[in-house]
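Colleague:
2 protein chains.
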Amino acid sequence: MSENSQISPKMQQLLDLAAELDDLNHIMALLGWDQQVKMPPGGAEERGMQLAALGRIIHEKFVTDEVGQLIADLEAEVGDLNAETDQARSVKVSKKAYEKQAKVPLALLMETIKTTAMAHEAWVKAKSHSDFSVFQPYLEKIVDLRKQYAELFKPYDHIYDPLLDDFEPGMKTADVKEIFEKLRPQQVELLQQIAEKEPPDDAFIKQPFNEAHQELFGRHVITRFGYDWNRGRLDIAPHPFTTEFGLGDVRITTRYLKEDAGSALFSTMHEAGHAMYGQGVPEKYKRHPLSGSASLAIHESQSRLWENIIGRSKEFWTHFYPSFQMLFPAYLGNVSMMDFYRGINKVEPSFIRVEADEATYNLHIMLRLEIEIGLMEGTMEVGDLPAIWNSRMADYLGVTPPDDARGVLQDIHWSGGMIGYFPTYALGNLASVQLWDKLMADHPNVPDEIAQGKFDTVLGWMREHVHQYGAKYEPQEIMLKATGSKITPEPYMAYLRKKYMEVYDL
Amino acid sequence: MSENSQISPKMQQLLDLAAELDDLNHIMALLGWDQQVKMPPGGAEERGMQLAALGRIIHEKFVTDEVGQLIADLEAEVGDLNAETDQARSVKVSKKAYEKQAKVPLALLMETIKTTAMAHEAWVKAKSHSDFSVFQPYLEKIVDLRKQYAELFKPYDHIYDPLLDDFEPGMKTADVKEIFEKLRPQQVELLQQIAEKEPPDDAFIKQPFNEAHQELFGRHVITRFGYDWNRGRLDIAPHPFTTEFGLGDVRITTRYLKEDAGSALFSTMHEAGHAMYGQGVPEKYKRHPLSGSASLAIHESQSRLWENIIGRSKEFWTHFYPSFQMLFPAYLGNVSMMDFYRGINKVEPSFIRVEADEATYNLHIMLRLEIEIGLMEGTMEVGDLPAIWNSRMADYLGVTPPDDARGVLQDIHWSGGMIGYFPTYALGNLASVQLWDKLMADHPNVPDEIAQGKFDTVLGWMREHVHQYGAKYEPQEIMLKATGSKITPEPYMAYLRKKYMEVYDL
Numbered sequence: 000m001s002e003n004s005q006i007s008p009k010m011q012q013l014l015d016l017a018a019e020l021d022d023l024n025h026i027m028a029l030l031g032w033d034q035q036v037k038m039p040p041g042g043a044e045e046r047g048m049q050l051a052a053l054g055r056i057i058h059e060k061f062v063t064d065e066v067g068q069l070i071a072d073l074e075a076e077v078g079d080l081n082a083e084t085d086q087a088r089s090v091k092v093s094k095k096a097y098e099k100q101a102k103v104p105l106a107l108l109m110e111t112i113k114t115t116a117m118a119h120e121a122w123v124k125a126k127s128h129s130d131f132s133v134f135q136p137y138l139e140k141i142v143d144l145r146k147q148y149a150e151l152f153k154p155y156d157h158i159y160d161p162l163l164d165d166f167e168p169g170m171k172t173a174d175v176k177e178i179f180e181k182l183r184p185q186q187v188e189l190l191q192q193i194a195e196k197e198p199p200d201d202a203f204i205k206q207p208f209n210e211a212h213q214e215l216f217g218r219h220v221i222t223r224f225g226y227d228w229n230r231g232r233l234d235i236a237p238h239p240f241t242t243e244f245g246l247g248d249v250r251i252t253t254r255y256l257k258e259d260a261g262s263a264l265f266s267t268m269h270e271a272g273h274a275m276y277g278q279g280v281p282e283k284y285k286r287h288p289l290s291g292s293a294s295l296a297i298h299e300s301q302s303r304l305w306e307n308i309i310g311r312s313k314e315f316w317t318h319f320y321p322s323f324q325m326l327f328p329a330y331l332g333n334v335s336m337m338d339f340y341r342g343i344n345k346v347e348p349s350f351i352r353v354e355a356d357e358a359t360y361n362l363h364i365m366l367r368l369e370i371e372i373g374l375m376e377g378t379m380e381v382g383d384l385p386a387i388w389n390s391r392m393a394d395y396l397g398v399t400p401p402d403d404a405r406g407v408l409q410d411i412h413w414s415g416g417m418i419g420y421f422p423t424y425a426l427g428n429l430a431s432v433q434l435w436d437k438l439m440a441d442h443p444n445v446p447d448e449i450a451q452g453k454f455d456t457v458l459g460w461m462r463e464h465v466h467q468y469g470a471k472y473e474p475q476e477i478m479l480k481a482t483g484s485k486i487t488p489e490p491y492m493a494y495l496r497k498k499y500m501e502v503y504d505l
Numbered sequence: 000m001s002e003n004s005q006i007s008p009k010m011q012q013l014l015d016l017a018a019e020l021d022d023l024n025h026i027m028a029l030l031g032w033d034q035q036v037k038m039p040p041g042g043a044e045e046r047g048m049q050l051a052a053l054g055r056i057i058h059e060k061f062v063t064d065e066v067g068q069l070i071a072d073l074e075a076e077v078g079d080l081n082a083e084t085d086q087a088r089s090v091k092v093s094k095k096a097y098e099k100q101a102k103v104p105l106a107l108l109m110e111t112i113k114t115t116a117m118a119h120e121a122w123v124k125a126k127s128h129s130d131f132s133v134f135q136p137y138l139e140k141i142v143d144l145r146k147q148y149a150e151l152f153k154p155y156d157h158i159y160d161p162l163l164d165d166f167e168p169g170m171k172t173a174d175v176k177e178i179f180e181k182l183r184p185q186q187v188e189l190l191q192q193i194a195e196k197e198p199p200d201d202a203f204i205k206q207p208f209n210e211a212h213q214e215l216f217g218r219h220v221i222t223r224f225g226y227d228w229n230r231g232r233l234d235i236a237p238h239p240f241t242t243e244f245g246l247g248d249v250r251i252t253t254r255y256l257k258e259d260a261g262s263a264l265f266s267t268m269h270e271a272g273h274a275m276y277g278q279g280v281p282e283k284y285k286r287h288p289l290s291g292s293a294s295l296a297i298h299e300s301q302s303r304l305w306e307n308i309i310g311r312s313k314e315f316w317t318h319f320y321p322s323f324q325m326l327f328p329a330y331l332g333n334v335s336m337m338d339f340y341r342g343i344n345k346v347e348p349s350f351i352r353v354e355a356d357e358a359t360y361n362l363h364i365m366l367r368l369e370i371e372i373g374l375m376e377g378t379m380e381v382g383d384l385p386a387i388w389n390s391r392m393a394d395y396l397g398v399t400p401p402d403d404a405r406g407v408l409q410d411i412h413w414s415g416g417m418i419g420y421f422p423t424y425a426l427g428n429l430a431s432v433q434l435w436d437k438l439m440a441d442h443p444n445v446p447d448e449i450a451q452g453k454f455d456t457v458l459g460w461m462r463e464h465v466h467q468y469g470a471k472y473e474p475q476e477i478m479l480k481a482t483g484s485k486i487t488p489e490p491y492m493a494y495l496r497k498k499y500m501e502v503y504d505l
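Chain order of the listed sequences is X and D.
Under the working numbering, the residue at position 332 of the first sequence is numbered 331, and the numbers go up by one with no gaps.
Under the working numbering, the residue at position 130 of the second sequence is numbered 129, and the numbers go up by one with no gaps.
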């Protein structure tokens, strides 16, 4: 709470409740981390039961008439919920969460938790056999459950709005469409310009890289970024992710591909960007209504900044390339830094989103958004997704996945019921450049620092302008405060054009 | 439930409650596993809060007037609680658990959970610096909390009884003392006989063994034993242990010592013995009042059987020694199987319980029992423990630990509040031989099978006579049913004498 404010008895009740719910939600996160990272297959059924038991308890503790009354009383007590005090914002955030969760019948919540626990196993199996039919019945069920969920929030402008709002508070489907409609022609035009040029060589990065050395380098880089190992760890998971069990335990995962050293490296930097956001939330928000983050787009602005704007920059590799070369002399001994830099920034329409370059990435997202909207509107059927996926991949990116594992089955999100999540990736790309531009204006020396392997200014600026607020502000408030503008495509396109002008000599 | 019995509505309520409590207790176990195996240091404080939050919920769900009434009603409904039906035993087990837990004030439970979470970190630190003073205040607090707990069960024959009963249902302090009093002189006499003989050489096992090869061999052995990897995994932890998150997920841990290949190997076999018990409980007891095991002594009978009776036998190494030799040709190439067998059965009073040989192991336990009883009776002070420990080690085993890390700080148990646990290790040793003798009588061919690397008969017999009952019977009932006798020292001493007669040519 802000320094001199008194804590009323009712406010203390809210803080106590938030602390307990934080504990329980962090236990849920551990169950999920373990499920993806460590759990043997035989544990799946009982894990689903455990998630359901705890999910039910969390729901029952929060969605009670007493809590509803407490929040109403506190709203009267605090007055303006948009006031900039921690107390007012704690009530605002709690009120919004309460109003959303109170609409959800317990039975729907339980069915969703159980279905997604089973769906995760089905998705793993479907992906490993590249057999969509294994996953299809689960996805059909999930789409049905998400429709039921969205319909609880009628009237809405669009059935996709309630889903989107869970990940990106305050954002509407119409807003995203508007941004994407501005963005797409510019991305496509840039891609056409690039396609006319000779691509840089990147064969050197597609060789059988030693896994232990990949890991060593990845750990080295994120240590220098500022990832705090005392409050984190790095494990292997099929789908890289970040999760937190409190301010003191923010974990990341990656996976090493033998034939592509870039994959694990950039995903490690990406997840470290997420994790440093989690680790940067101040101690005063520990077990607090304002713990957590502003939104997934703001989260993604952090991960993409470290992965792309920094991790794929000339300055970064000026410092780190000699070390990377040292680890892989057979493959990189004769590759110059500039050739390496151009290679890792090669634009090439590809199948896998998480490995897409910066020029094509957002097109992967637009495809997913259209499918999600189609599923929710009922204009697309789950059974048709492999065909729809492949034909849109051909339209947007000019490539057709050789199998569903590298197509419609590639992402974990839908198996977890996370429909409405994907757009935040593209929004995060846009936000990352807006934040970067402002950081550059404040500290023009940052590129020189990065070329010396120093990241204090970058991390310090993000701590000050983003991390320190936890969940206090909505994402667009954060953007306005930090950059003077809401999320908008222009800076991102300017960044891409400038970058590829150099890499591709446009 | 047994095949044809009807489930009454009240019985169904009990089953539903047990299922939910099972889920929540398995989540507690995951929090603990992660704390010991994966959690970064920064996570300790919030983990303590999470354990407390969940511990409170479990307590509040179980200890209610409604549950008390439900159990009373069911008691009337089933009649004889000692009847051999699953229903009667479910009520009996639930009634006992309820009566114990209902005595414990929530505040005491909460303080115990929070104290032990902090004490675990303190113990890790104290052990790594070999500084008892870091752990002392936590242990004092724990002893005080355990006294408060025991006193809730007045009148008792002995203040240690309620603690012991938590780990070994139905066993009294006087019973253990009686068994130990018979056992000690015989163990001491055997030790003296052995001391007069030339010890076998075991220098070959104290060399810098490759860790990856140690792990390969350990995994190979327990796979052959019958450990089910689809429902388990093996990780590294400072103190090896087994834990379960359901029938489908029973995990073990070990730790590799470079200079002693026996340490990890025997501890891996030991934990696999525990885990195969957990994996052997039948599907019908999944999320059930009778899930789990009879007691820790019965559990230990399984682990010690696989570790010692089998894992240190001539027959076992007849089959496995060639493979072990192959992995470490530089150290073992010129060591014969019989020399190896004698070496791993060398008797040598040592500091560390978990690495003690079969002839000295129980003396480590007796020392701990005396200290625990002294602490609970108030005739010993925590601050004096390092001195008491070292002087009794000198008395019993003729050795003095060089530091507290290898003395009073070596075991994790007290940091977790587990006072009353240690005696079950010695009782488990005794029970393991009683079960083994009966197995031999039923299947005299088992040694030949083991010499061929076959363990189906052994595991099958344990499944039938021990595992299949879950928590249905008390430990002494299991022993009576399986062997015709309660836990008794004679078979164990006969086993030791026979073994060392050969190894030491007594």
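The beta-carbon is built from N, C-alpha and C at its ideal position, and this holds for glycine as well.
#1: Can you list the residues of chain X that D/D15 reaches, using a CB-CB cut of under 8 Å?
#2: Let me check one thing: in DSSP terms, what residues is D/I372 bridge-paired to?
#3: Start and end of the beta strand (DSSP E) containing X/D234?
#4: Which runs of the alpha helix (DSSP H) spanning at least 4 residues fall entirely within the stretch 415 to 498 of chain D, listed in chain order?
#5: Consult DSSP for X/E19 and reduce its assignment to one of helix, strand or coil.
#6: Please tell me whether X/G279 and X/F454 are closer than 8 Å, where the distance is taken between their beta carbons.
#7: Whole angstroms are fine: how far does the CA of D/H298 sit from the CA of D/E2?
#8: Given a threshold of 16 other Cβ atoms within 10 Å of its Cβ, counted over all protein chains shown, does D/S335 qualify as buried or as exposed?
#9: Given a cut-off of 8 Å on the beta-carbon distance, is the pair D/Y284 and D/F203 in contact?
#10: Could you pull the start and end residues of the beta strand (DSSP E) that X/V249 belongs to?
#11: If you scan the stretch 148 to 230 of chain X from start to end, which runs of the alpha helix (DSSP H) of 4 or more residues do you find wholly inside it?
#12: Do you know offhand how far D/V220's Cα is from D/F315's?
#13: Measuring straight from C-alpha to C-alpha, what distance separates X/P490 and X/F152?
#14: Give the DSSP-derived three-state secondary structure of X/Q5 in the structure shown.
#15: Could you tell me which of X/L29, X/L182, X/W388 and X/D15 sits nearest to X/E369, measuring between CA atoms?
#16: By how many angstroms is the C-alpha of D/E180 removed from the C-alpha of X/A17?
#17: Helix, strand or coil for D/E306, going by three-state DSSP, please let me know.
#18: Closer than 7 Å by C-beta to X/G382: which residues in its own chain qualify, once you throw out the five before and the five after it? Chain order, please.
#19: Within 8 Å (strictly less), CB to CB, does X/M325 reach chain D?
#20: I'd like to know if X/S1 contacts chain D, where contact means its C-beta is closer than 8 Å to some C-beta of that chain.
#21: From the DSSP output, in three-state form, read off D/E258 for me.
#22: Using only the alpha-carbon positions, how far apart do D/K257 and D/E210 sit?
#23: Enumerate in chain order the residues of its own chain whose CB-to-CB distance from X/Y137 is below 8 Å, with the five nearest sequence positions on each side excluded.
#24: Who does X/E243 pair with in a DSSP beta bridge?
#25: Any chance you could list the alpha helix (DSSP H) runs of at least 4 consecutive residues sitting entirely within the stretch 98 to 151 of chain X, in chain order?
#26: Compare the C-beta of X/L289 against all C-beta atoms of chain D and say whether one is closer than 8 Å.
#27: Can you tell me whether X/P321 is buried or exposed? The criterion is at least 16 other CB atoms within 10 Å of its CB, across all chains shown.
#28: With 7 Å as the limit, tell me which residues of the stretch 399 to 422 of chain D have their beta carbon closer than that to any beta carbon of chain X; keep them in chain order.
#29: Taking contact to mean 3 or more Cβ pairs, one atom from each stretch, closer than 8 Å, check whether the stretch 139 to 150 of chain X and the stretch 445 to 453 of chain X are in contact.
#30: Only counting the same chain, and skipping five residues up and downstream in sequence, which positions put a Cβ closer than 8 Å to that of X/P207?
#31: Assess, as a yes-or-no matter, whether the stretch 153 to 173 of chain X is touched by the stretch 396 to 408 of chain X under the definition of 3 or more beta carbon pairs within less than 8 Å.
#32: For the alpha helix (DSSP H) that contains D/T317, what are its first and last residues?
#33: Report the rounded CA-to-CA distance for D/M0 versus D/D85, giving the unit in angstroms.
#34: Enumerated in chain order, which unbroken segments of the beta strand (DSSP E) with a length of 3 residues or greater are wholly contained in the stretch 262 to 306 of chain X?
#35: Excluding the 5 residues preceding and the 5 following D/R462 in the sequence, name in chain order all residues of the same chain whose CB lies nearer than 8 Å to its CB.
#36: So with CB distances below 9 Å, who are the chain X contacts of D/D156?
Modeller: Straight from the coordinates:
#1: Counting from one through the second sequence, the residue named residue 15 of chain D turns up at place 16. Within chain X, no residue comes near D/D15; the closest Cβ sits about 11 Å away, beyond 8 Å.
#2: The residue given as residue 372 of chain D occupies position 373 in the second sequence. None, per the DSSP bridge assignment.
#3: By 1-based counting over the first sequence, the position of residue 234 of chain X is 235. L233 to I235 is the span of the beta strand (DSSP E), which, as asked, contains X/D234.
#4: Counting whole runs of 4 or more residues, the stretch 415 to 498 of chain D contains the alpha helix (DSSP H) stretches 422 to 441, 445 to 450, 455 to 464 and 474 to 482.
#5: Along the first sequence, one-based indexing puts residue 19 of chain X at 20. If DSSP states are grouped into helix, strand and coil, X/E19 belongs with the helices.
#6: As a working mapping, residue 279 of chain X is identified with position 280 in the first sequence. As a working mapping, residue 454 of chain X is identified with position 455 in the first sequence. X/F454 sits away from X/G279, with the two beta carbons spaced by 8 Å or more.
#7: Here residue 2 of chain D corresponds to residue number 3 of the second sequence, with the count starting at 1. Here residue 298 of chain D corresponds to residue number 299 of the second sequence, with the count starting at 1. Low confidence applies to D/E2: its pLDDT is 45, below 50, so where it sits in the model is not reliable, and the reading given next is rough at best. For D/E2 and D/H298, the gap between their C-alpha atoms comes out near 27 Å.
#8: For this step, residue 335 of chain D is matched to residue 336 along the second sequence. D/S335 should be labelled exposed.
#9: The residue labelled residue 284 of chain D in the question sits at position 285 within the second sequence. The residue labelled residue 203 of chain D in the question sits at position 204 within the second sequence. No, the Cβ-Cβ distance between D/Y284 and D/F203 is not below 8 Å.
#10: Locating residue 249 of chain X in the first sequence gives position 250, where the first residue counts as 1. For X/V249, the enclosing beta strand (DSSP E) has its first and last residue at V249 to T253.
#11: With a minimum length of 4 residues, the unbroken runs of alpha helix (DSSP H) contained wholly in the stretch 148 to 230 of chain X fall at 160 to 166, 172 to 194 and 210 to 224.
#12: The sequence position of residue 220 of chain D within the second sequence is 221, counting from 1. The sequence position of residue 315 of chain D within the second sequence is 316, counting from 1. When rounded, the distance between both Cα atoms is 10 Å.
#13: Locating residue 490 of chain X in the first sequence gives position 491, where the first residue counts as 1. Locating residue 152 of chain X in the first sequence gives position 153, where the first residue counts as 1. If you draw a straight line from the Cα of X/P490 to the Cα of X/F152, it comes to about 34 Å.
#14: As a working mapping, residue 5 of chain X is identified with position 6 in the first sequence. If DSSP states are grouped into helix, strand and coil, X/Q5 belongs with coil.
#15: Here residue 369 of chain X corresponds to residue number 370 of the first sequence, with the count starting at 1. Residue nearest to X/E369 within the set X/L29, X/L182, X/W388 and X/D15 is X/W388 (criterion: CA-CA distance).
#16: For this step, residue 17 of chain X is matched to residue 18 along the first sequence. For this step, residue 180 of chain D is matched to residue 181 along the second sequence. If you take the alpha carbons of X/A17 and D/E180, they lie about 54 Å apart.
#17: The sequence position of residue 306 of chain D within the second sequence is 307, counting from 1. Of the three classes helix, strand and coil, the one that applies to D/E306 here is helix, per DSSP.
#18: Residue numbering aside, residue 382 of chain X sits at position 383 when the first sequence is read from its first letter. Correct list, in chain order: Q135.
#19: For this step, residue 325 of chain X is matched to residue 326 along the first sequence. At least 8 Å separates the CB of X/M325 from every CB of chain D.
#20: Locating residue 1 of chain X in the first sequence gives position 2, counting from the first residue. Model confidence at X/S1 stands at a pLDDT of 46, short of 50, so the residue's coordinates are unreliable and nothing is read from them.
#21: Taking the first residue of the second sequence as position 1, residue 258 of chain D is located at position 259. Here D/E258 sits in coil by DSSP.
#22: Within the second sequence, numbered from 1, the residue matching residue 257 of chain D stands at position 258. Within the second sequence, numbered from 1, the residue matching residue 210 of chain D stands at position 211. Those two C-alpha atoms are separated by around 7 Å.
#23: Taking the first sequence and counting its residues from 1, the one referred to as residue 137 of chain X is at position 138. Result list for X/Y137: T114, M117, A118, A121, W122 and S414, in chain order.
#24: What you label residue 243 of chain X is simply residue 244 of the first sequence in a count that begins at 1. Answer is X/V249.
#25: Within the stretch 98 to 151 of chain X, the complete alpha helix (DSSP H) runs of at least 4 residues are 105 to 128 and 131 to 150.
#26: Within the first sequence, the letter at position 290 stands for residue 289 of chain X. For X/L289, the nearest beta carbon of chain D is not closer than 8 Å to its own beta carbon.
#27: Residue mapping note: residue 321 of chain X aligns to position 322 of the first sequence, counting from 1. In the assembly as shown, X/P321 is an exposed residue. Its beta-carbon has fewer than 16 other beta-carbons within 10 Å.
#28: Taking 7 Å as the Cβ-Cβ cut-off against chain X, none of the residues of the stretch 399 to 422 of chain D qualify.
#29: They do not touch, by the three-pair rule.
#30: The count along the first sequence starts at 1 and reaches residue 207 of chain X at position 208. Within its own chain, the residues whose Cβ lies closer than 8 Å to the Cβ of X/P207, once the five positions on either side in sequence are excluded, are K257 and E258, listed in chain order.
#31: Verdict: no, contact absent.
#32: Locating residue 317 of chain D in the second sequence gives position 318, counting from the first residue. Note, D/T317: alpha helix (DSSP H), K313 to L326.
#33: The residue you call residue 0 of chain D lines up with position 1 of the second sequence. The residue you call residue 85 of chain D lines up with position 86 of the second sequence. Low confidence applies here, because D/M0 scores a pLDDT of 43, under 50, leaving its location unreliable; read the following figure in that light. Straight-line measurement puts the Cα of D/D85 at about 5 Å from the Cα of D/M0.
#34: Complete beta strand (DSSP E) runs here, min 3: none at all.
#35: Locating residue 462 of chain D in the second sequence gives position 463, where the first residue counts as 1. Only G279 meet the Cβ criterion.
#36: Locating residue 156 of chain D in the second sequence gives position 157, where the first residue counts as 1. Ordered by position in chain X, no residue passes the 9 Å Cβ test against D/D156, which lies about 38 Å from the chain.
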